[in-house]
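K.L.:
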Ligand code: ARG
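Residue numbers (full-length UniProt numbering): 1 to 261.
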């Protein structure tokens with residue numbers, strides 16, 4: 001898992017609108033600093049032996065750097081995202097790339113945050129709904145991707161995508177912030193028989209759970225020493241990356257990559 005990723009770039013990354021609680025038009029990312037941050041994330045993926053494909057960002061798409069939201073991919077099938085209208089222009093670019101790369105394309109009939117709300121854990125798909133994803137997408141994902149969907153809701157718009165509240169470490173291990181999920185969802189997650197790592201609200205707030213793991217190397221945000229320590233104790237290699245500029249758009253490490261394999 002996470003051995004092949006699709007990433008855009010930061011050439012047009014700006015805060016033009018405010019569609020999550022972290023975005024403020026008066027706090028713009030520094031273009032040079034975000035370029036450096038993004039390059040370090042790409043370098044960390046390559047250093048972990050992951051393949052990185054590039055989808056060029058488009059000028060009219062200031063959030064395209066958060067490639068995770070454009071689709072969710074499983075095998076040769078891609079279910080496209082259906083983001084808020086501010087980001088709608090990104091989807092045809094993603095569709096074109098995925099189609100040209102040989103994926104079967106399934107358009108989303110309802111609001112869908114792509115991989116932001118769809119986290120594969122082995123044969124399960126942890127699927128967020130209630131924020132950026134319409135609940136009616138869940139049976140669509142189950143049918144189209146052929147995996148058992150576990151519906152989960154976060155505790156509010158601070159966790160507008162599930163990948164801010166939960167981080168998948170390997171096919172058996174999931175890190176999560178209990179306060180970031182609503183109570184029935186936290187109970188449902190605990191009932192799955194997975195190996196769970198609890199992460200504090202303080203570290204989750206720094207987008208610690210927005211990580212990319214291939215089961216050997218975990219690439220994650222700086223500022224979460226407790227989670228990084230637990231992962232290292234478990235024998236994982238952990239690469240901590242600066243994400244202060246990306247955070248101005250409300251995203252972190254995982255948001256910048258769409259998992260292809
Ligand atoms: N500014 C982007 C938005 O609000 C950030 C997306 C972050 N992506 C994620 N997978 N959490 O849509």
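The C-beta atom is built at its ideal place from N, Cα and C for all residues, glycine as well.
Are there any heavy atoms of the ligand ARG lying less than 8 Å away from the beta-carbon of residue 160, as far as the coordinates show?
P.N.:
It does: the Cβ of residue 160 is within 8 Å (strictly closer) of some heavy atom of the ligand ARG.
K.L.:
Could you please give the first and the last residue of the uninterrupted alpha helix (DSSP H) stretch that includes residue 93?
P.N.:
Segment 90-100, the alpha helix (DSSP H) holding residue 93.
K.L.:
Measure the beta-carbon distance from residue 214 to residue 48 and round it to whole angstroms, keeping in mind my assumption that it falls under 8 Å.
P.N.:
So it is a contact: roughly 6 Å between Cβ atoms.
K.L.:
Going by DSSP, which residues form a beta bridge with residue 240?
P.N.:
Note: residue 240 sits in a beta bridge opposite 220.
K.L.:
Jot down the residue ranges of each uninterrupted alpha helix (DSSP H) in the region 157-192, minimum 4 residues, whole runs only, in chain order.
P.N.:
Counting only runs of 4 or more, we get 183-190.
K.L.:
Per DSSP, what are the beta-bridge partners of residue 231 in this structure?
P.N.:
Its beta-bridge partners do not exist; DSSP assigns none.
K.L.:
Tell me, please, which residues DSSP counts as bridged to residue 54.
P.N.:
For residue 54, which the question treats as bridged, DSSP gives the partners 7.
K.L.:
Assuming contact is defined by CB atoms lying nearer than 9 Å, are residue 139 and residue 150 in contact in what I supplied?
P.N.:
Contact flag unset, no.
K.L.:
The beta strand (DSSP E) spanning residue 198 covers which residue range?
P.N.:
Segment 195-198, the beta strand (DSSP E) holding residue 198.
K.L.:
Should residue 46 and residue 257 be called a contact, given that it needs their Cβ atoms to be closer than 9 Å?
P.N.:
No, they are not a contact pair.
K.L.:
Under a three-way DSSP split, which group does residue 249 fall into?
P.N.:
Note: residue 249 maps to helix in three-state DSSP.
K.L.:
Using 8 Å as the cut-off, can you tell me whether the region 150-166 makes contact with the region 116-136, which would need three or more C-beta pairs spanning the two stretches below that distance?
P.N.:
Yes: at least three Cβ pairs fall under 8 Å.
K.L.:
Please list the terminal residues of the continuous beta strand (DSSP E) segment that includes residue 105.
P.N.:
Per DSSP, residue 105 belongs to the beta strand (DSSP E) from 104-106.
K.L.:
Would you please state the rounded distance, in angstroms, between the beta carbons of residue 77 and residue 103? I believe it to be under 8 Å.
P.N.:
The pair is a contact, with the Cβ atoms about 7 Å apart (cut-off 8 Å).
K.L.:
Quick check on residue 82: does DSSP put it in helix, strand or coil?
P.N.:
The answer is strand: DSSP assigns residue 82 an E or B state.
K.L.:
Can you give me the start and stop residues for the beta strand (DSSP E) that residue 128 sits inside?
P.N.:
From DSSP, the beta strand (DSSP E) with residue 128 extends over 124-128.
K.L.:
Under 9 Å between C-beta atoms, does residue 158 make it to chain B?
P.N.:
Of the protein chains in the structure, only one exists, and it is not chain B.
K.L.:
Starting from residue 145, follow the alpha helix (DSSP H) in both directions and report where the run begins and ends.
P.N.:
That run of the alpha helix (DSSP H) goes 137-145.
K.L.:
Taking Cβ to Cβ, would you say residue 175 is nearer than 9 Å to residue 199?
P.N.:
Yes. Within cutoff.
K.L.:
What whole-angstrom Cβ distance do residue 247 and residue 207 have, given they're in contact under 8 Å?
P.N.:
That belief holds up - the Cβ atoms of residue 247 and residue 207 are roughly 6 Å apart, short of 8 Å.
K.L.:
What would DSSP say about residue 133, mapped onto helix, strand or coil?
P.N.:
Reduced to three states, the DSSP call for residue 133 is coil.
K.L.:
According to DSSP, is residue 119 part of a helix, a strand, or is it coil?
P.N.:
The answer is strand: DSSP assigns residue 119 an E or B state.
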